[in-house]
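Here the protein sequences come in this chain order: A and B. Last residue of the first sequence: 131 (the working numbering), numbering continuous. Last residue of the second sequence: 131 (the working numbering), numbering continuous. All C-beta atoms, glycine included, are put in the ideal place defined by N, C-alpha and C. Since the structure comes first, as structure tokens, the remarks are kept for the end.
There are 2 protein chains.
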Amino acid sequence: MAGTTGVAESLAIGQVAERTGLSIDTLRWYERQGLIPLVERTATGQRRYPPSVVRFIALVQALRRTGMPVADVRAFVQLGGGQLRHHTERLALLERQERLIEEQVRQLAVDREVVRDKIAVYRELVAAGLDCEDQPPEDADWRTSRGS
Amino acid sequence: MAGTTGVAESLAIGQVAERTGLSIDTLRWYERQGLIPLVERTATGQRRYPPSVVRFIALVQALRRTGMPVADVRAFVQLGGGQLRHHTERLALLERQERLIEEQVRQLAVDREVVRDKIAVYRELVAAGLDCEDQPPEDADWRTSRGS
DNA sequence: GGTTGCGCTGGAGTGCACTCCAGCTCCTAG
DNA sequence: CTAGGAGCTGGAGTGCACTCCAGCGCAACC
Chain A
-16 MAGTTGVAES LAIGQVAERT GLSIDTLRWY ERQGLIPLVE RTATGQRRYP
34 PSVVRFIALV QALRRTGMPV ADVRAFVQLG GGQLRHHTER LALLERQERL
84 IEEQVRQLAV DREVVRDKIA VYRELVAAGL DCEDQPPEDA DWRTSRGS
Chain B
-16 MAGTTGVAES LAIGQVAERT GLSIDTLRWY ERQGLIPLVE RTATGQRRYP
34 PSVVRFIALV QALRRTGMPV ADVRAFVQLG GGQLRHHTER LALLERQERL
84 IEEQVRQLAV DREVVRDKIA VYRELVAAGL DCEDQPPEDA DWRTSRGS
């Protein structure tokens, strides 16, 4: 087993890609961009990701998925030059993001309602037999229809 | 009032932009891309958006915001050549999108939890007085820390 | 001892969704 | 009658976030 050399539970980049769903290229790109720490390397220069970094990547993914731009994630990560300080600022950034997430939850609920309503409309139309090509209501073109 | 000429409640592009939050350029671009019908024009060539189209734009926005690519929205819109037919197919597309939205709701909940947990961690650190520059734990660099 | 697999670097390329602009036409108000 | 504001077209440009190489180094297996 090659994995058990070095720092116990550390993973190779391919394994991290598999577990996180990020591509190998993206992991390296994130590192170059400063979203992920410069991880340790093996003697031959291969990256080894300790559990703490894998966990950190999960946070980065949560931030990215919830719409935080790469530049902002970088700012978050690099606060205090990558050291464990400036907790207050990081806290503020996370709390801001939490608020943005709440907003997304609300928006998503609205959008889901819009889609559901439209689904209901189409279900009725289909149920009423107004499907397919038969009996096409040429004048009821959706481009200009002003019915409900 | 100029707006009351022509088709009753129709809006000019600027008003639609204001109401929807889309930019004027985006509205025109959506039209060229086939996400929005080719609306009526005034005698001088200006677009006039009837309420039905404004409502349709809201649906397009819901689809876009929930991650449907422009190409897919176009496919949805153009099913049946822009006529009121092919309801079954449109229904299927909308139901698929609804499922994707449910998935996003779940993912968002997970991500919110991740962020909240991290917030709790930082709150504890700050409460414990490990703020700012004072007493920097140089060895506890986050890049290599393996503590919980 | 070749070839297969994983990983490395630096830099170029891609896809998507807008966004901006020049140069024009109307219309209204002063 | 002119100045400002809204809108028009076609096409070029932008920003973001990856994604894809070419060309290389190791290590293991057959």
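Give me, in chain order, the residues of the same chain whose beta-carbon lies closer than 8 angstroms to that of B/P119; leave out the 5 immediate sequence neighbours on both sides.
Counting from 1 along the second sequence, the entry for residue 119 of chain B is found at position 136. The pLDDT assigned to B/P119 is 46, lower than 50, so where the model puts this residue is not dependable; a value taken from the coordinates is nonetheless given after this. Nothing meets the Cβ criterion.
Give the interface partners of B/Q87 over in chain A, defined as CB-CB distance under 7 angstroms, in chain order.
Against the second sequence, residue 87 of chain B aligns to sequence position 104. Within chain A, the residues near B/Q87 are L91.
If we ignore side chains and look at the alpha-carbon of each, how far apart do A/E(-8) and A/A26 end up?
Locating residue -8 of chain A in the first sequence gives position 9, where the first residue counts as 1. Locating residue 26 of chain A in the first sequence gives position 43, where the first residue counts as 1. About 17 angstroms.
What is the residue span of the alpha helix (DSSP H) that B/Y105 lies within?
One-based indexing of the second sequence puts residue 105 of chain B at position 122. Here the alpha helix (DSSP H) through B/Y105 covers H70 to A110.
Cα separation between B/A(-15) and B/S6?
As a first step, residue -15 of chain B must be located in the second sequence, where it is residue number 2. As a first step, residue 6 of chain B must be located in the second sequence, where it is residue number 23. Residue confidence is low: B/A(-15) scores 40 on pLDDT, short of 50, so the model does not pin down where it sits. Its coordinate-derived value is still stated next. Each residue's alpha carbon lies about 22 angstroms from the other.
Reference B/V97; option with closest CA among A/V43, A/V53, A/D55 and A/R106
The residue given as residue 97 of chain B occupies position 114 in the second sequence. With respect to the C-alpha of B/V97, the residue from A/V43, A/V53, A/D55 and A/R106 having the closest C-alpha is A/V43.
Contacts around A/I23, its chain only, beta-carbon distance under 6 angstroms, and the 5 residues preceding and following it disregarded:
Locating residue 23 of chain A in the first sequence gives position 40, counting from the first residue. Position check: residue 23 of chain A holds Glu in this sequence, whereas Ile was assumed. Excluding sequence positions up to five before and after A/E23, its CB lies within less than 6 angstroms of the CB of R31, all in the same chain and listed in chain order.
Name the two residues that bound the continuous alpha helix (DSSP H) containing A/I40.
The sequence position of residue 40 of chain A within the first sequence is 57, counting from 1. Boundaries of the alpha helix (DSSP H) around A/I40: P34 to R48.
Expected contact under 8 angstroms - CB spacing of A/L108 and B/H69 to nearest Å:
In the first sequence, counting from the first residue as 1, residue 108 of chain A sits at position 125. In the second sequence, counting from the first residue as 1, residue 69 of chain B sits at position 86. That pair is no contact at about 11 angstroms.
How is A/E23 classed by DSSP in three states: helix, strand or coil?
Looking up residue 23 of chain A in the first sequence gives position 40. Three-state DSSP puts A/E23 in a strand.
Using only the heavy atoms of the ligand FAD, determine whether one of them is closer than 7 angstroms to the beta carbon of B/A92.
This structure lacks the ligand FAD; in fact it carries no ligand of any kind.
I need the straight-line Cα distance from B/R48 to B/A41, nearest angstrom please.
Start at 1 with the first residue of the second sequence, and residue 48 of chain B comes out as number 65. Start at 1 with the first residue of the second sequence, and residue 41 of chain B comes out as number 58. Rounded to whole angstroms, B/R48 to B/A41 spans 10 angstroms at the Cα level.
Closer than 8 angstroms by beta-carbon distance: list the chain B residues that pair up with A/V109, in chain order.
Along the first sequence, read from residue 1 onward, the residue named residue 109 of chain A stands at position 126. Against chain B, the beta carbon of A/V109 has neighbours under 8 angstroms at H70, T71 and L74, listed in chain order.
Out of A/R99, A/R82, A/W12 and A/R95, which has the shortest C-alpha to C-alpha gap to A/R57?
Start at 1 with the first residue of the first sequence, and residue 57 of chain A comes out as number 74. The option with the nearest alpha carbon to A/R57 is A/W12.
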